[in-house]
Ligand SMILES: Nc1ncnc2c1ncn2[C@@H]1O[C@H](COP(=O)(O)OP(=O)(O)O)[C@@H](O)[C@H]1O
Ligand SMILES: [Mg+2]
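Shown next as structure tokens:
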């Protein structure tokens, strides 16, 4: 059934409204970041900056702390994502393919961990990491990030693996593939959209985390940007660091957008179509 | 190419389900053998055990003389065509067909040449660089066949390879599969639940039920002398009519009247262990419009009202409803369940296949003739065909020992 003109324009208006709703705060942030810091108190309410400036950006990159935090953020998020996706892929494959006792329990536990309120674990984690000398180190953040992103990753990926017809793997075996060849040449290429989706979700989770970063770090040795923002101070004690925070927020949003855009092209829906039936 | 021997092969799934029980089967080199039976009878399991995709619980499997029970599929050198085709969606047709050769580390030029040869045979040359998602069902099916034939394996295994095609294409592909197999002369095990495919394709057919082999034989053997009720009901379309009957005064008394016994029947009835009622089986094609039969031709006739008349051009099917009970045994119930509602109703009904020149009219009475020599007698207790055990039933040599009788 073809949509009528009225229906189409109705949808168009609805879409625009939603996009405006979602993008307004983003625009506000961008606008703030380009305003002259001294004027933000007076200029703050206007939609466009009355006077455009890069002062905020220059300011934050002059701060050693921010650059440190940015390096920490990128390093910790990328390492956590790579390890978590690799582990989640293997675990999800096993869950989707194998019948073993306690499978249901395993999935249940994984979900339970994902649902567990993270705040309740902060104090014990703090003590444990102090004891293990992991406090304020990269692994000290990577480990909890993996713990909380793995269940989600396993869950999403096992759904993807379940979608891949098992017959394909049998066919690969019959064609003479070893299990490793079957996985690498047949299953993994088909699971790629799922792997990328999971990677995006996990990366965003790690990148945006504030709670663990603020609780398990004490210096810029491992503090990530979301936590570092809280430590921003103005150029003088009379100034609120609004412009600097806005600029930093814009800076840390950019990698996420690039990351998503880069991987989104790989998430081709319906990649498995044509495998089976006629 | 190789001989495949199943020696007491049994499969018990981890959940305890006994899917295949002690199958003994010798598949000759180059033979085209069909595994047929209703859904869930263990055909795929048997095939997967030959392929190496399922472990063998008990028994021995030999391919070309070697015991392969513990060999991985890749070491058995057998190709398989799946019901779902199982084409690799991220590869082109060329890559799909070349995949087994690539894994076998065949050099690129040879792969190219072999794939193109196979594509030629299967009329896929024009589609070699397309992805499976851009192909029609029939083309996908042929790619699946192509992937199997490129590497000249010892045997082909096919699990309902045509069941996803529409009826017309299925018939077309059936012929092509048959031609391909003859041409390559490769041992082939073909699984189907469609008895027409089984009858037309195979050198020999294996009928299975509940994990147990019921009968192995050429299509003609299965048709003429089914060993039991199940095989009799499964082979032939429309299926054989089954009627409960009692033996009285040297005749079988059933809803069609009194059928005089011939020597063969007498021998069969004497040989059986028990007493009591039997089941009489008659194929639809063994009936004829009495008006078209030469009166000198001996036989039994009965009158009935034609309930439904279906003309197929070359044949006419006339359906009658019979009085009295219908024959019920576990086998017949399973057959009815398997074939769905249409044939389940046919258990009540008598189906006859008549000459197109018949004067039969729907709703009118018709005199129908049949030759008692074609009657097969089954033991309701165990389903055994008593007549098959004692002699071959064949048309033509019966006139001497039957007396023509007309029942009204
Ligand atoms: N993986 C499995 N685990 C347990 N039982 C199974 C499994 N696969 C098949 N079965 C059972 O084994 C029997 C035979 O199945 P199958 O060989 O697939 O039948 P067919 O191919 O003849 O339809 C069925 O009763 C089925 O439920
Ligand atoms: Mg099957």
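Chains as they are written, first to last, in the numbering used here: chain A, 6 to 283; chain B, 1081 to 1488.
Cβ coordinates follow ideal geometry from the N, Cα and C atoms, glycine included.
Residues that residue i contacts on chain B, provided the C-beta gap is smaller than 8 Å
{"i": "residue 123 of chain A", "result": "Near residue 123 of chain A there are no residues of chain B at all, since even the closest Cβ is about 38 Å away, more than 8 Å."}
{"i": "residue 194 of chain A", "result": "1170"}
Chain-ordered chain A contacts of residue i [CB-CB under 9 Å]
{"i": "residue 1406 of chain B", "result": "The premise fails here: residue 1406 of chain B is roughly 38 Å from chain A at the closest Cβ pair, so nothing lies under 9 Å."}
{"i": "residue 1179 of chain B", "result": "176, 177, 180, 181, 182, 190 and 191"}
{"i": "residue 1158 of chain B", "result": "179"}
{"i": "residue 1133 of chain B", "result": "175, 178 and 179"}
{"i": "residue 1092 of chain B", "result": "Correct list: empty, because the minimum Cβ distance to chain A is about 15 Å."}
One or two residues paired with residue i in a DSSP bridge
{"i": "residue 1267 of chain B", "result": "B:1235"}
{"i": "residue 211 of chain A", "result": "For residue 211 of chain A, which the question treats as bridged, DSSP gives no partner whatsoever."}
{"i": "residue 1308 of chain B", "result": "B:1464"}
{"i": "residue 1249 of chain B", "result": "DSSP, once it has assigned bridges, lists no residue as partnering residue 1249 of chain B."}
{"i": "residue 1364 of chain B", "result": "Bridge partners of residue 1364 of chain B: none, in fact."}
{"i": "residue 1390 of chain B", "result": "B:1397"}
{"i": "residue 1301 of chain B", "result": "Per DSSP, none; premise fails for residue 1301 of chain B."}
{"i": "residue 1116 of chain B", "result": "B:1272 and B:1287"}
{"i": "residue 1429 of chain B", "result": "B:1401"}
{"i": "residue 1337 of chain B", "result": "B:1334"}
{"i": "residue 57 of chain A", "result": "A:40"}
{"i": "residue 1295 of chain B", "result": "B:1287"}
Start-to-end residues for the beta strand (DSSP E) that takes in residue i
{"i": "residue 1107 of chain B", "result": "1098 to 1107"}
{"i": "residue 1284 of chain B", "result": "1284 to 1289"}
{"i": "residue 1458 of chain B", "result": "1456 to 1458"}
{"i": "residue 1450 of chain B", "result": "1445 to 1450"}
Simplified DSSP assignment, three categories, for residue i
{"i": "residue 1417 of chain B", "result": "helix"}
{"i": "residue 1207 of chain B", "result": "helix"}
{"i": "residue 248 of chain A", "result": "helix"}
{"i": "residue 1399 of chain B", "result": "strand"}
{"i": "residue 1135 of chain B", "result": "coil"}
{"i": "residue 224 of chain A", "result": "coil"}
{"i": "residue 1160 of chain B", "result": "strand"}
{"i": "residue 172 of chain A", "result": "helix"}
{"i": "residue 1325 of chain B", "result": "strand"}
{"i": "residue 1489 of chain B", "result": "The shown model of chain B, from 1081 to 1488, leaves out residue 1489 of chain B, and the question about it has no answer."}
{"i": "residue 33 of chain A", "result": "helix"}
{"i": "residue 1371 of chain B", "result": "helix"}
{"i": "residue 92 of chain A", "result": "helix"}
{"i": "residue 1146 of chain B", "result": "strand"}
{"i": "residue 1381 of chain B", "result": "strand"}
{"i": "residue 1172 of chain B", "result": "coil"}
{"i": "residue 1082 of chain B", "result": "coil"}
{"i": "residue 1410 of chain B", "result": "helix"}
{"i": "residue 1130 of chain B", "result": "helix"}
{"i": "residue 143 of chain A", "result": "helix"}
{"i": "residue 1140 of chain B", "result": "strand"}
{"i": "residue 111 of chain A", "result": "helix"}
{"i": "residue 103 of chain A", "result": "coil"}
{"i": "residue 9 of chain A", "result": "coil"}
{"i": "residue 277 of chain A", "result": "Unreliable placement is indicated for residue 277 of chain A, whose pLDDT of 49 sits below 50; the coordinate value is still reported in the next sentence. Residue state, collapsed to three classes: coil."}
{"i": "residue 1435 of chain B", "result": "coil"}
{"i": "residue 1088 of chain B", "result": "strand"}
{"i": "residue 1244 of chain B", "result": "coil"}
Limits of the alpha helix (DSSP H) - the one that residue i falls within
{"i": "residue 1221 of chain B", "result": "1217 to 1229"}
{"i": "residue 1095 of chain B", "result": "No alpha helix (DSSP H) contains residue 1095 of chain B, which DSSP labels as neither H nor E."}
{"i": "residue 1349 of chain B", "result": "1343 to 1351"}
{"i": "residue 1193 of chain B", "result": "1188 to 1201"}
{"i": "residue 65 of chain A", "result": "60 to 67"}
{"i": "residue 136 of chain A", "result": "124 to 136"}
{"i": "residue 186 of chain A", "result": "184 to 187"}
{"i": "residue 231 of chain A", "result": "230 to 234"}
Integer Cβ distance of residue i from residue j, believed to fall under 8 Å
{"i": "residue 203 of chain A", "j": "residue 93 of chain A", "result": "6 Å"}
{"i": "residue 1224 of chain B", "j": "residue 1271 of chain B", "result": "No, residue 1224 of chain B and residue 1271 of chain B are not in contact; Cβ-Cβ is about 14 Å, not under 8 Å."}
{"i": "residue 1292 of chain B", "j": "residue 1306 of chain B", "result": "The pair is not a contact, with the Cβ atoms about 15 Å apart (cut-off 8 Å)."}
{"i": "residue 1239 of chain B", "j": "residue 1127 of chain B", "result": "5 Å"}
{"i": "residue 162 of chain A", "j": "residue 1169 of chain B", "result": "Contact flag wrong, Cβ pair sits at about 18 Å."}
{"i": "residue 1450 of chain B", "j": "residue 1359 of chain B", "result": "The Cβ separation is near 16 Å, so there is no contact."}
{"i": "residue 1439 of chain B", "j": "residue 1371 of chain B", "result": "6 Å"}
Partners in chain B for residue i, counting only beta-carbon separations shorter than 7 Å
{"i": "residue 186 of chain A", "result": "1183"}
Per-residue contacts from residue i into chain A (C-beta, under 7 Å)
{"i": "residue 1153 of chain B", "result": "178 and 179"}
Chain-ordered neighbours of residue i on chain A, where CB pairs are closer than 8 Å
{"i": "residue 1034 of chain B", "result": "Given a span of 1081 to 1488 for chain B in the structure shown, any question on residue 1034 of chain B remains unanswerable."}
{"i": "residue 1222 of chain B", "result": "Within 8 Å Cβ-Cβ: nothing; residue 1222 of chain B doesn't reach chain A, min ~10 Å."}
{"i": "residue 1250 of chain B", "result": "Within chain A, no residue comes near residue 1250 of chain B; the closest Cβ sits about 11 Å away, beyond 8 Å."}
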